[in-house]
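S.K.: Per the numbering used here, numbering through the sequence shown is continuous, rising by one, with the last residue being 206.
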Amino acid sequence: MPITGLLAQRFARSLRAEGFARFTTIVSVFSVALGSLALIIAISVLRGYEEKIEETAMRFTSHVETKPILGDVIGNARGSMERVATIDGVSSVDIVLNREALARTRSGVDGIVLSALRTVVLRRSSAP
(Lines of atoms letter the chains of each structure in order from A; the text may use other names.)
(Lines give C-alpha, C1' and ligand atoms only; values in the text may rest on other atoms or scores of the structure.)
Protein backbone atom coordinates (compact mmCIF):
# COMPACT_ATOMS: atom_id res chain seq x y z
CA MET A 79 0.00 0.00 0.00
CA PRO A 80 1.37 3.46 -0.83
CA ILE A 81 2.43 5.80 1.95
CA THR A 82 -0.46 8.20 1.27
CA GLY A 83 -2.97 5.40 1.85
CA LEU A 84 -1.32 4.43 5.15
CA LEU A 85 -1.35 8.03 6.33
CA ALA A 86 -5.03 8.44 5.36
CA GLN A 87 -6.01 5.26 7.24
CA ARG A 88 -4.12 6.30 10.35
CA PHE A 89 -5.64 9.78 10.23
CA ALA A 90 -9.17 8.36 9.78
CA ARG A 91 -8.71 6.03 12.77
CA SER A 92 -7.50 8.87 14.99
CA LEU A 93 -10.58 10.95 14.16
CA ARG A 94 -12.90 8.25 15.46
CA ALA A 95 -11.10 7.96 18.79
CA GLU A 96 -10.80 11.53 20.05
CA GLY A 97 -13.66 14.03 19.93
CA PHE A 98 -11.57 17.18 20.25
CA ALA A 99 -9.13 16.13 17.51
CA ARG A 100 -12.05 15.44 15.23
CA PHE A 101 -13.60 18.85 15.94
CA THR A 102 -10.35 20.74 15.34
CA THR A 103 -9.71 18.80 12.13
CA ILE A 104 -13.17 19.58 10.78
CA VAL A 105 -12.84 23.27 11.69
CA SER A 106 -9.37 23.53 10.13
CA VAL A 107 -10.43 21.78 6.91
CA PHE A 108 -13.50 24.03 6.68
CA SER A 109 -11.35 27.14 7.30
CA VAL A 110 -8.88 26.20 4.57
CA ALA A 111 -11.74 25.46 2.16
CA LEU A 112 -13.42 28.79 2.94
CA GLY A 113 -10.13 30.69 2.53
CA SER A 114 -9.46 28.96 -0.79
CA LEU A 115 -12.97 29.81 -1.98
CA ALA A 116 -12.49 33.49 -1.06
CA LEU A 117 -9.15 33.57 -2.87
CA ILE A 118 -10.59 31.97 -6.02
CA ILE A 119 -13.50 34.43 -6.06
CA ALA A 120 -11.18 37.42 -5.54
CA ILE A 121 -8.87 36.33 -8.35
CA SER A 122 -11.82 35.72 -10.67
CA VAL A 123 -13.28 39.16 -9.99
CA LEU A 124 -9.90 40.82 -10.47
CA ARG A 125 -9.30 39.04 -13.77
CA GLY A 126 -12.75 40.05 -14.93
CA TYR A 127 -12.00 43.70 -14.28
CA GLU A 128 -8.34 43.56 -15.36
CA GLU A 129 -9.01 44.87 -18.85
CA LYS A 130 -11.22 47.69 -17.58
CA ILE A 131 -8.67 48.65 -14.92
CA GLU A 132 -5.88 48.70 -17.51
CA GLU A 133 -7.96 50.78 -19.92
CA THR A 134 -8.78 53.30 -17.19
CA ALA A 135 -5.17 53.49 -16.03
CA MET A 136 -3.96 54.11 -19.58
CA ARG A 137 -6.19 57.18 -19.81
CA PHE A 138 -4.08 58.84 -17.13
CA THR A 139 -0.62 57.89 -18.34
CA SER A 140 1.26 57.45 -21.57
CA HIS A 141 2.54 54.21 -23.08
CA VAL A 142 5.97 55.70 -23.86
CA GLU A 143 7.72 58.74 -22.43
CA THR A 144 10.70 60.40 -24.09
CA LYS A 145 13.01 62.20 -21.68
CA PRO A 146 16.44 63.78 -22.06
CA ILE A 147 19.39 61.94 -20.51
CA LEU A 148 20.27 64.69 -18.05
CA GLY A 149 16.66 65.19 -16.94
CA ASP A 150 16.49 68.74 -18.25
CA VAL A 151 14.09 70.14 -20.88
CA ILE A 152 14.18 68.71 -24.42
CA GLY A 153 15.72 71.38 -26.64
CA ASN A 154 13.66 70.91 -29.81
CA ALA A 155 10.44 69.43 -28.43
CA ARG A 156 8.36 70.07 -31.56
CA GLY A 157 10.95 68.40 -33.80
CA SER A 158 11.13 65.41 -31.46
CA MET A 159 7.33 65.16 -31.47
CA GLU A 160 7.24 65.15 -35.26
CA ARG A 161 9.91 62.42 -35.47
CA VAL A 162 8.10 60.22 -32.95
CA ALA A 163 4.75 60.78 -34.73
CA THR A 164 6.21 59.32 -37.95
CA ILE A 165 6.90 55.96 -36.26
CA ASP A 166 4.49 53.26 -37.44
CA GLY A 167 1.80 52.46 -34.85
CA VAL A 168 1.99 55.76 -32.95
CA SER A 169 -1.55 57.11 -32.61
CA SER A 170 -0.87 60.42 -30.85
CA VAL A 171 2.02 62.49 -29.52
CA ASP A 172 1.89 65.42 -27.13
CA ILE A 173 4.02 67.41 -24.74
CA VAL A 174 3.68 66.91 -20.99
CA LEU A 175 5.32 69.26 -18.53
CA ASN A 176 6.32 67.77 -15.16
CA ARG A 177 7.56 69.85 -12.24
CA GLU A 178 8.20 69.03 -8.61
CA ALA A 179 6.38 71.18 -6.09
CA LEU A 180 5.38 71.41 -2.45
CA ALA A 181 1.76 71.16 -1.36
CA ARG A 182 0.70 72.53 1.99
CA THR A 183 -2.33 71.13 3.80
CA ARG A 184 -3.64 71.43 7.34
CA SER A 185 -1.65 68.36 8.34
CA GLY A 186 1.67 69.54 6.88
CA VAL A 187 3.75 69.93 3.75
CA ASP A 188 4.37 67.18 1.19
CA GLY A 189 6.22 66.86 -2.11
CA ILE A 190 4.16 66.40 -5.27
CA VAL A 191 4.71 66.20 -9.03
CA LEU A 192 2.61 68.52 -11.19
CA SER A 193 1.85 67.27 -14.71
CA ALA A 194 0.45 69.63 -17.32
CA LEU A 195 -1.21 68.76 -20.63
CA ARG A 196 -2.87 70.96 -23.18
CA THR A 197 -6.63 71.41 -22.69
CA VAL A 198 -7.39 69.79 -26.06
CA VAL A 199 -5.60 66.61 -24.99
CA LEU A 200 -7.48 66.53 -21.70
CA ARG A 201 -10.85 66.88 -23.44
CA ARG A 202 -9.95 64.15 -25.95
CA SER A 203 -8.71 61.67 -23.32
CA SER A 204 -11.61 62.19 -20.91
CA ALA A 205 -14.33 61.81 -23.55
CA PRO A 206 -16.36 58.60 -23.14
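Even glycine gets a Cβ: it sits at the ideal position worked out from N, Cα and C.
Under 8 Å, do Val162 and Thr144 count as touching if we go by C-beta distance?
M.R.: Going by C-beta atoms, Val162 is nearer than 8 Å to Thr144.
S.K.: Measuring only the C-alpha atoms, how far is Ala135 from Arg125?
M.R.: Using only the alpha carbons, I get a separation of about 15 Å.
S.K.: For the alpha helix (DSSP H) that Ile147 lies in, which residues bound it at each end?
M.R.: Ile147 -> no alpha helix (DSSP H), and no H or E assigned at all.
S.K.: Per DSSP, Thr183 is paired with what?
M.R.: In DSSP, Thr183 forms a bridge with Gly186.
S.K.: For the alpha helix (DSSP H) containing Val123, name the first residue and the last one.
M.R.: Element bounds for Val123: 97 to 137.
S.K.: If you measure between the beta carbons of Ala194 and Asp188, is that distance less than 8 Å?
M.R.: No. Outside cutoff.
S.K.: What's the C-alpha gap between Ser122 and Thr139?
M.R.: If I take the Cα positions, the gap works out to 26 Å.
S.K.: Suppose you measure from the CA of Pro80 to the CA of Arg88; what does that come to, to the nearest Å?
M.R.: Each residue's alpha carbon lies about 13 Å from the other.
S.K.: So, helix, strand or coil for Val162, using DSSP?
M.R.: Residue state, collapsed to three classes: helix.
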